[in-house]
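Chains as they are written, first to last, in UniProt numbering: chain V, 1 to 288; chain U, 1 to 111.
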């Protein structure tokens, strides 16, 4: 078979199969990219469709974070309490800095909701607004504990189990990426958390959109098929002439997979009993 | 299946049957696909948007059925590829399926 495979004709067809396969693989990669983009767009559209909810209607303190609540926009009204902390090693726009996490004691329940008020390049804790505020935030589950040691008042991650030991009272099993803080007494007040910079909520890992992922898979199947077809054709060619030479009286019948049918008659696809498989190719062209 | 002769012919006959069924399914599926494209791009109607994806898998089966029959019948590469591509042209697969079936009938292959 190898000797057949290196014939110029088969090498040329191998090159063609490779070019087709490369094109199909690229088309598959493109579809996979589309699948990711569409999944993200779908998720964003879906999140946008969900109304802003009051935090207390979604969560109760110390209960597990519901997966569906991730990325949900919520409002929470209360007063900022003492005990805000820094979370070290947080990038914003490529700059290393800190997240400022401030406990918000809710008016309705008295429980504490950790609010990520913003990002700062320096380890400073700006005074949070006094009085009752309504915070609009994107919900996120707490983070895993971080390794390493940090100075007092600084954490390596938004580790809620650490915060529950630091802050008095009940704690919600979530924190919020603050998008807006409005004083209850003055709803029209400007929303400037300086010197902090608001942190955009993380985009959820949205996976792929199954329909376009299937298109990607289909392209790759076709890419593999190009090689499969080439191998089978070379095999048929390699088997063909060799067996025919030895077959004697009924050469067509032993000509590999090409002649398995019609034992009594010569195969119809070979109008001429020509032993050269290369001629078969041109004969096939005429049949079409 | 007792003698080589009857063993071989039914194999080809079933390969032909498989091809005919797939050619029919893909032919219908392709018309649905055309309807989908017209609805989607002509009328911004997304009712059939779910169809292209399963049709792609059906087309893969059609290609496999064509290869299966083609190798058993000893088709040339251009003929095989041509018949596979015919599955992408609306209405052509119906005509090709009849042509292929007639070809086998002419050589009196028991179906």
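Virtual Cβ for every residue (Gly too), placed ideally from N, Cα, C. All of these numbers come straight from a predicted model, not from anything done at the bench.
Review point. From what residue to what residue does the beta strand (DSSP E) around residue 135 (chain V) run?
Key: 132-140
Point to revise | Sub-8 Å separation of residue 173 (chain V) and residue 160 (chain V) beta-carbons | key: yes
**Study point:** Distance, residue 51 (chain U) Cα to residue 230 (chain V) Cα
**Key:** 30 Å
Point to revise | Helix, strand or coil at residue 89 (chain V) according to DSSP, with G and I counted as helix | key: strand
Review point. Name the chain V residues that come within less than 8 Å of residue 23 (chain U), Cβ to Cβ?
Key: The contacting residues do not exist; residue 23 (chain U) stays about 16 Å from chain V at best.
Practice item. May I have the straight-line CA-CA distance separating residue 59 (chain V) from residue 167 (chain V), to the nearest angstrom? Key: 18 Å
**Study point:** Outcome for residue 57 (chain V) when other beta-carbon atoms lying within 10 angstroms are tallied against a minimum of 16
**Key:** exposed
Review point. Listed in chain order, which residues of the region 197-230 of chain V have Cβ atoms closer than 7 Å to some Cβ of chain U?
Key: 211, 214, 215, 218, 221, 225, 229
Exercise for review: Within the same chain, show all residues whose beta-carbon is closer than 7 Å to that of residue 33 (chain U), passing over the 5 residues directly before and after it, in chain order.
Suggested key: 51, 52, 55
Exercise for review: Could you please give the first and the last residue of the uninterrupted beta strand (DSSP E) stretch that includes residue 100 (chain V)?
Suggested key: 95-106
Review point. Using the C-alpha atoms, what's the distance from residue 46 (chain U) back to residue 77 (chain V)?
Key: 43 Å
Review point. Using the C-alpha atoms, what's the distance from residue 219 (chain V) back to residue 99 (chain U)?
Key: 28 Å
Check your understanding: Hey, is the region 132-141 of chain V in contact with the region 24-43 of chain V, meaning 3+ C-beta pairs nearer than 8 Å?
Key -> no
Point to revise | Spatially closest choice to residue 149 (chain V) from V:113, V:8, V:87, by CA coordinates | key: V:87
Check your understanding: Nearest to residue 84 (chain V) by alpha carbon, out of V:115, V:208, V:232?
Key -> V:115
Point to revise | Backbone CA spacing between residue 34 (chain V) and residue 45 (chain V) [nearest angstrom] | key: 16 Å
Review point. Between residue 48 (chain U) and chain V, is there a C-beta pair that is closer than 8 Å?
Key: no
Review point. Can you tell me whether DSSP reads residue 26 (chain U) as helix, strand or coil?
Key: helix
Point to revise | Partner residues on chain U for residue 236 (chain V), Cβ-Cβ distance less than 8 Å | key: 71, 74
Review point. Which residue's Cα is closest to the Cα of residue 19 (chain V): V:225, V:240, V:4?
Key: V:225
Check your understanding: Using DSSP with H/G/I as helix, E/B as strand and the rest coil, what is residue 75 (chain V)?
Key -> strand
Exercise for review: Taking only beta-carbon positions, decide if residue 38 (chain U) is within less than 8 Å of chain V.
Suggested key: no
Exercise for review: With 8 Å as the threshold, decide whether the Cβ of residue 232 (chain V) is near any Cβ in chain U.
Suggested key: yes
Review point. Who are the Cβ neighbours of residue 15 (chain U) in its own chain at under 6 Å, not counting the five residues just before and after it?
Key: 68, 69, 72
**Study point:** Nearest-angstrom Cα separation, counted from residue 94 (chain V) out to residue 211 (chain V)
**Key:** 35 Å
Point to revise | Pick from V:36, V:181, V:147, V:192 that is closest to residue 207 (chain V), judged by C-alpha positions | key: V:36
Exercise for review: State buried or exposed for residue 17 (chain V), treating a residue as buried only when at least 16 other CB atoms are found within 10 Å of its CB.
Suggested key: buried
Review point. If you draw a straight line from the C-alpha of residue 12 (chain U) to the C-alpha of residue 233 (chain V), how long is it?
Key: 18 Å
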